[in-house]
Amino acid sequence: MEGKVIHRFSKRFSKKAFFENLILNILRISTYLVILFAGFIFLDIGINGSKAIFKSQAPFINTDFLTQKPETLHVFEPKHIDKKLKEINAKILSTNIENKNLSNLAIEDSKKNDLLIKSLQAKYHVLDKQRKEERLLFSDTEFRALEIKPSKSEYVYETYAYSGGGIGPAIIGTCLLVLGSIAIALSLGVLCAIYLSEYSRPGKVLQIIRLSILNLSGVPSIVFGLFGFGMFVLFFGWGVSMIAGWFTLAIMALPVIISASEESMRSIPKGFREGSLALGASKWTAIRTNVLPYALPGILTSSIMGIARVAGETAPIMFTAAFALRDQLPWEGLEKASDFIFQGVMALPYHIYVVSSKIPQNEYTENMQYGSAFVFLFIVGFFAISSIVLRIRVRKKYKW
Amino acid sequence: MSLDIQVKPAEAGSKVLPPEVIKIRNLDFSYGESQALFDISMDVYEKEVTAFIGPSGCGKSTFLRCFNRMNDLIDIAKIKSGTIKISDVDIYDEEIDVIELRKHVGMVFQKSNPFPKSIYDNIAYGMRIQGIKKSSELDSTVESCLKSAALWGEVKDRLNESALGLSGGQQQRLCIARALAVKPKILLMDEPCSALDPIATAKVEELIHELKKNYTIVVVTHNMQQAARVSDRTAFFYLGRLIEYGPTEQIFMNPENSQTEAYVSGRFG
Amino acid sequence: MSLDIQVKPAEAGSKVLPPEVIKIRNLDFSYGESQALFDISMDVYEKEVTAFIGPSGCGKSTFLRCFNRMNDLIDIAKIKSGTIKISDVDIYDEEIDVIELRKHVGMVFQKSNPFPKSIYDNIAYGMRIQGIKKSSELDSTVESCLKSAALWGEVKDRLNESALGLSGGQQQRLCIARALAVKPKILLMDEPCSALDPIATAKVEELIHELKKNYTIVVVTHNMQQAARVSDRTAFFYLGRLIEYGPTEQIFMNPENSQTEAYVSGRFG
Amino acid sequence: MKRYFHKELNDLKNKLILLGEKSNEIARLAMDGLLENDIEKVNKAAGMDDYLDDLEQEISYACIRYISLRAPVSSDLRLIFVALKASRDFERIGDEAHSITRKSSKILINDGKLSEQFNLQEMSNLACQLIKDAISCFVEEDLEKAFAVLKKDREIDTINQKHFELISDISMQEKISDPTRFNTLLISKSIERMGDHAKNIAREVIFLLSKE
Amino acid sequence: MKRYFHKELNDLKNKLILLGEKSNEIARLAMDGLLENDIEKVNKAAGMDDYLDDLEQEISYACIRYISLRAPVSSDLRLIFVALKASRDFERIGDEAHSITRKSSKILINDGKLSEQFNLQEMSNLACQLIKDAISCFVEEDLEKAFAVLKKDREIDTINQKHFELISDISMQEKISDPTRFNTLLISKSIERMGDHAKNIAREVIFLLSKE
Amino acid sequence: MEDPNLEPKDTAPSFSRKRLVLFGKDSDSIIKSFFGSSATISIVVLALITIFLFKEGAGFINQYHKSLKEYRLSGLEYVDILKENRENFTELNRLLTDIRSNWIKSLKSNGLSQSEISSIVMSPDSKSLFLGYMRAGKSLKSYIKNKMDLAIEVRDQHITNKNLRETLNNFAQKIEDVEKFNYQLNDVDRSQFILRLKEKNLNNATDYELVTNNESLINSLRDGDAINSQTRKIFLELIKEQYVDIENTIKPVDFSSEIVKITSNKEAYFKILVGLESDIQKILNEKSLFDFNDDELNKRFSKFKDLNYLYFETIDEHKDKIKQWNQNQPIEILHALISFITGKDWITASDQQDWYGLLPLLSGSLLVSFIALFFAVPLGVGAAIYTNQMASSIERNWIKPYIEFVSAIPSVVIGFFGVVVLGEAIRNFSNLSILSWVPFFPLGERLNVFTAGLLLALMAIPTIFTLAEDAINNVPKHLKEASLAIGATRLQTTARVIVPSCLSAIISAIMLGFGRVIGETMVVLLCAGNRIKIPEFTDGIGVFFEPVHTMTGIIAQEMGEVVQGSVHYRALFMVGIVLFFTSMLINIGAQWIVKKYKKLEA
Ligand SMILES: Nc1ncnc2c1ncn2[C@@H]1O[C@H](COP(=O)(O)OP(=O)(O)OP(=O)(O)O)[C@@H](O)[C@H]1O
Ligand SMILES: Nc1ncnc2c1ncn2[C@@H]1O[C@H](COP(=O)(O)OP(=O)(O)OP(=O)(O)O)[C@@H](O)[C@H]1O
Ligand SMILES: [Mg+2]
Ligand SMILES: [Mg+2]
Ligand SMILES: O=P([O-])([O-])[O-]
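If you read the sequences in order, they're chains A, B, C, D, E and F. First residue of the first sequence: 42, per our numbering; consecutive thereafter. First residue of the second sequence: 961, per our numbering; consecutive thereafter. First residue of the third sequence: 961, per our numbering; consecutive thereafter. First residue of the fourth sequence: 2, per our numbering; consecutive thereafter. First residue of the fifth sequence: 2, per our numbering; consecutive thereafter. First residue of the sixth sequence: 571, per our numbering; consecutive thereafter.
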């Protein structure tokens, strides 16, 4: 560094600076790792799921998938192709094994085998395409309506549960569950929050309430499921029903809503209350006019987050509200009005659980599986994003 | 019942003492176990500015907040003995309606706390919660209050803008105007200028001086110069006790108590 | 290169001017689009207390924070033109090590901000981050800094207690002691007493007076009385411009500029 | 912005002017009484001194009050200082006038008439003019007038010096009695002091206006 | 807690005391010179006046500086006021001493000796004592002494009165010349003024100590 | 509302009168109690959860205790002790087979052809070793199987009896009811009645009168007519008949006599054991010099021999155990609880004995949480620090919402992703030939604890990130400025001032992340592999790639299929209780840390 004046403040190389940069980069990498991993999930589900949701021609959205009931898919694959495919597969497998068994010395042979495998695979692809063109797919209703069923001598016949039709009832069921439970949770939660932030006085009781809320928020969702099952389904005798699901979910969302509402009320400066009281407002007037209106955006924002949480849970509704399959929509076939709330419904999360654990993964089921996951992710994500965006806005707007 | 510290007639000048509005007698006040005020007796006179000075934690705010029972909001706060009478009514009586009391005794806080509403709504708030809805009445009161608070000129063209857009000093004057809207007789101010810069402070002081024509004002301040400037009477507190109380001139020119003297001349501590 | 506002030799008294430590020439500073400082030139002299006064928002803090490049933390803050030299080194040069600069130019903030550590650790912090670990060295520096900050007597028996248990004034003096521990030559203080009561303020002022024997001190204050009391030189800012700069006596007794006069005598605004 | 207490400053200034005018009046009365042999005027002048003293007291109190309560700086503070000092000077003018009245009454009782050789008329005119000028330079904030006052004062000094020589002149012994001579001398001296005080006031006005 | 600027107040006080002592010294010198016919002492006294004037200037500046920068109240402010006024009084004492020296030198040149009938010795002793007392009551913050000063001043007044009568007595004419008589009279008057100033100082000390 | 006459005099201000009150309380306190009551909901809910979990779970101990008693009484326990010995032998046998297969492998690697190998391996010499060893245990096995069948029969009979007795009780109750005058037939009774009548008709087809009577009765019953005294009598008769029928089918089991059958000829068993010992001894002696032409295998073989001798030594102990076993030894009720908590097996719906042991689930849960936290803590905290302290404001503005958004991904979707993509990806990764040196690669299971742990980490990161970021953000900005102003670097400021002053909050964030992970259901249910077995911690790192089952998973998986009120049902609730209290402990712990260190920090 010639020509530079060295003075008290001039920069010098130091280990410290190097070390600092290193750590900074490690932290940066770990952050982006998380982001990438999550991003990959979004992309995977987004790309694969959109195949089920979107179509290439108008209206571009596969409304059938979104509205229809799930049905069994009947698949007829041309037998001759199937046979050939199986042969090729076997050959590939055997060559592979051979390849493995070859000792390290026989490089020539292994190369040859590799080539063979490649050619086989190419052949396979051609045949596979042909198979896709010639196969016949029917949903349950279509199948039943068929006059002449395809002959079993020409086709290999297989059925796949849930893979035909759509997921309409599950979407509707999820919406109903979320709406009901949030209505319950919100009304209870806000009342509770008002008490805690405005009326409570420090003491034993308050401590217990706070501890309960805290613990409630940490209770695993499956335990809520157990509880709902024990209390609403069995003890109250409501059976597996929407109302049991509502209450179970509401209780689960309660701590989230209480603490968020309380926080947003607490963040209203003390001065607003004091100012109002000093003008001769009664306590309730002060709360009504000077706390709640300003806390409301915060409360709503966080309750949307509560919605996202409630909508995303599977475990609590598994044995309280969800049916694996129910081909009637909630408003169909009701005898009494009260039956509406005492019926079980299909729900997207449970549906996804069922289709990803109980049926095989293959080309016929994959579309529906990814499609359900995509729709579900979209719904929950929509709530989550709107909550996040809203919160950012609210925070910007209200700065006191 | 006698005042411990009484203004010597000679010092109060030849002019007749104005009538007392607040009479405090032997007040003991405590937060839970710890006593914050000890045996305080004093009178606050009508249409005067009374200033409370004293080092931090000496109980000025506590005492001030006794006058409109804002201390009721603190659970552990308790008046142990003594009475506070406003216009000869014991305000800690069972039968007192705190709401009415607070309308009678307005308060302005250290940190200006305008509501995040429009300027107009801020002032109208106090009337609205009393059920006054007639817009002509509201309009005229808003205008007169803003005028009293020397703010009308500055905000008359933007009454419907948010009060949070005002500067610190304007906000504080808005809070004063808001307090005036419920037509109090007494105004309590707890360090109303501590968050303001000298110019805004000057404006608020000007306002206090103006307001004392119509209101009885009690102001807590850390700023001795301010107490000297705005008040007619000054009370010096220390460790929860009223050390000296008298006309401001006396406190600053010839304090009787050596602690007071040390405090006002900066030798204290 | 000439100073716009230069202390008239006659007014600075017969004594020789001490050497300049900070030289500011034609400084323009802006936050994004809005310019906060306009063409400021002045010199800060060694082992003197220089006070910056002026109404809120006039750019005092901004100017002060230029001296140790704290403004670097604000993304939109930018020096548009002009230079600041400390000990004849342009501190906004590319080649400047900001860390070293900040060690040289200590800073004390408006709100006391001790770390939530023990009193001892607060003071030792500055040395520890420089890699000093020897406990004997730490001990002695901690003691000497606390003594310089006139705090040793009050805290020597509880060095290992949390610093947050100290009173406001003690905390502020602790922050000063903490700044001293890295052996700065210049101390910047941004409204160091604005959150303190009169007694704590007096103690801090006492301390500033004491410290000026060894340090060059620049202090921003809203309190004109305080500027008058503690400073040797006072600069009055208004709307981002330096209006008048000179010995404190001159500013308060015979200001040349009528704006300065109006401001110090409370007629401004 | 004008602060409410700046009105107090104005009041103070007005009071000072009042004091000035009163002191001027008392000086005038005392002198006229002597020169016109008007014992009533003399008595009137003698009675006014207390009022002046009170006024000075008041101003002094107002100053100390203003300083303790308003912490003035810069020109405000200078005004206070000027008020403080000038009021003292005015009061002293009053005192001197008072002592003139005492001497005058003695002269009037003993001799009834003053020697015309004493240029008291001119001297007193000059002194009163000086006082008037001092007041008006304060009121009008007129720096030049103030400097003029400084100059004029020397004239009075010269006359006073002359009187001294005159009075020790033997020829005088015959015309008027010893006590009258002495009293006249002291009166002349008092007038000279008045001039001095007016000069002081002018100096203070200069201090007030010229920023030292 | 003592603030650092309270030291300034102390300095001021010390300066005031110094001024007091100097003024006492100058008064003493002037008187002694006259009484002991010591022209040197007289000249020395005449030379000191400027120093006193400067000191008074200094004190006055310090006061105004202290008030503008330190905003004093209560006893601090009273001290400033006292300093301001007392310094003026001391300066005036110096002035009177100066005028005594002028007269003395004239007397010494003309007559060389003063009539013994004039009780100047006692008078000057009294005056110096008074000044001393005024200073010490200020230094010792002794209220009683201050009141004593007020009383003593009257004695000087009485002596001065006597001198006046004495000097207008015909018998005196023979012994000493007219100018000397007048000068002596004026010296007496000056001493009386000195006493007055000492009295003023005592009054100010009373103001300082008794909280008005 | 206000009487003008009550208007106070001019002098007294108007505040001296209280406003209207209701029930002796003013309106504010009424409002307050309204809100207060709704706030107690959280307590009520928590109490209800506890109550209902215990209500359903409490019966478990009793029922399990009963089941364990039956286990002992029926002799199943005795058989299980016998089986222990057999297991030991089987284990040895497996070792030997293992040696054999390795032997074949080594031969193959020596370049021998298939036929050569088989000739060596199938040589009489080696045959007598391998086959002979296997045959030595044949009689032991058949003996034990025999005993086991006996025991199971006894137990099943006992359980059947129990069920029948319950049915009898029901009948007795019904008889009593019917005998009372006002009994109304319900639909079930009616159809049963009809069924019985038809049956009777069939049996007594010859008795025409009876048949016609019954026919008409059936018709009237079908029409829903009320029964008269006559029909009641018939109904009663029929029920009683049924009662007797059932009573007859109960064959009371006398455990003490039945047990004799099982424990009787111990001598024969001991003889078998002696035979086994001598057989093995013989084979080993003969083959003590068997040479595998491979040092490694020879070493293993000699070790095998040593193990056999060790096995012989255990036989005596085993015999003692058998002798000492006593059917009548009582089982403490606490034993049921202990065996739940410390039980190493979770076996349901087995034909022998069901076991409800928590350990496999608990260890699975902990293992999966450990893996999740292993990834989530550094990444979450690191990201929080980076985002708050080091990132540019643009970065901060999108990273935060992004990660928050990640927290909203439903767990079932993540599980789905694990099933469909990640499991496969990890296995493919482990199949890479470059990584073949890793001891436990390639992975056998697509879904294992690692897959689940990785996904759970993704779920825990947002929790940890958000809470930690908030905590860091709450550190007053002026502390940062203060540190920088002293001349600290950014990293020093972060490490020495910012992190320490919110450390407790970060730790509690981590704990809450842990709480979230251990309570997560769907991901583990879908991706953890669901093998109910304590992971083999002896496998070293390999343990992280085993399939496991977890507490949450087991509830979700089995709750839907169990019989309500059964031991199994209650066992699941017991698991729920454990989960509930675990999460509670974690939460309270997190809060405690914050509280405790807040004090220190303050
Ligand atoms: N809510 C409270 N609970 C308990 N103690 C309190 C409370 N508020 C104030 N105190 C205590 O009462 C005493 C007086 O407090 P107060 O706020 O009245 O003082 P202050 O004179 O207003 O001080 P400052 O000038 O700092 O505002 C203090 O010791 C304080 O610690
Ligand atoms: N971070 C920032 N971004 C944008 N503008 C800023 C920022 N900080 C200050 N300003 C603006 O710069 C100007 C000067 O601000 P500065 O804080 O320096 O004033 P100040 O004299 O210190 O005022 P105060 O006495 O209120 O502290 C103000 O107009 C302010 O609005
Ligand atoms: Mg307070
Ligand atoms: Mg600032
Ligand atoms: O009052 P004087 O002595 O200065 O005339």
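Even glycine gets a Cβ: it sits at the ideal position worked out from N, Cα and C.
Closer than 9 Å to chain C by CB, residue i
i, result
"SER1254/B", "Within the shown structure, residues of chain B are numbered from 961 to 1229, placing residue 1254/B beyond reach of any answer."
"LEU78/E", "no"
"PHE82/E", "no"
Supposed close pair residue i, residue j - CB separation, criterion 8 Å
i, j, result
"LEU511/F", "LEU787/F", "The shown model of chain F, from 571 to 1172, leaves out residue 511/F, and the question about it has no answer."
9 Å Cβ cutoff, residue i in contact with chain E
i, result
"PHE119/D", "no"
"SER962/C", "With a pLDDT of 40 at SER962/C, under the threshold of 50, the modelled position of this residue cannot be trusted; read the value that follows with caution. Judged by the 9 Å Cβ criterion, SER962/C is not in contact with chain E."
Opening and closing residue of the beta strand (DSSP E) in which residue i lies
i, result
"LYS1045/C", "1037-1046"
"LEU178/A", "177-180"
"PHE117/A", "111-119"
"MET1067/B", "1065-1068"
Sheet register partners of residue i (DSSP bridge)
i, result
"THR1176/C", "ILE1146/C"
"MET1002/B", "ILE984/B"
"PHE989/C", "LEU997/C, ILE1039/C"
"ILE1013/C", "PHE1196/C"
"PRO1207/C", "ARG1193/C"
CB contact check: residue i to chain A, cutoff 9 Å
i, result
"ARG1138/B", "yes"
The alpha helix (DSSP H) enclosing residue i, as first and last residue numbers
i, result
"SER194/A", "From DSSP, SER194/A is part of no alpha helix (DSSP H); its letter is neither H nor E."
"GLU785/F", "778-792"
"PHE424/A", "404-438"
Inset, instruction - Decide if the stretch 1077-1090 of chain F is in contact with the stretch 1050-1060 of chain F; the criterion is three or more beta carbon pairs, one per stretch, under 8 Å apart. - result: Counting Cβ pairs under 8 Å, fewer than three are found: no touch.
Legend entry - Cβ pair count under 8 Å reaching 3, the stretch 1074-1086 of chain C against the stretch 66-79 of chain A: Touching, no, given that fewer than three Cβ pairs across the two stretches are closer than 8 Å.
Inset, instruction - Taking 8 Å as the threshold, find out whether the stretch 192-201 of chain E comes into contact with the stretch 83-102 of chain E through three or more Cβ pairs. - result: Contact annotation: the stretch 192-201 of chain E touches the stretch 83-102 of chain E, with at least three C-beta pairs closer than 8 Å.
Inset, instruction - Count the CB pairs spanning the stretch 1131-1143 of chain F and the stretch 1029-1046 of chain F that are closer than 8 Å, and state whether there are at least three. - result: The stretch 1131-1143 of chain F vs the stretch 1029-1046 of chain F: no contact.
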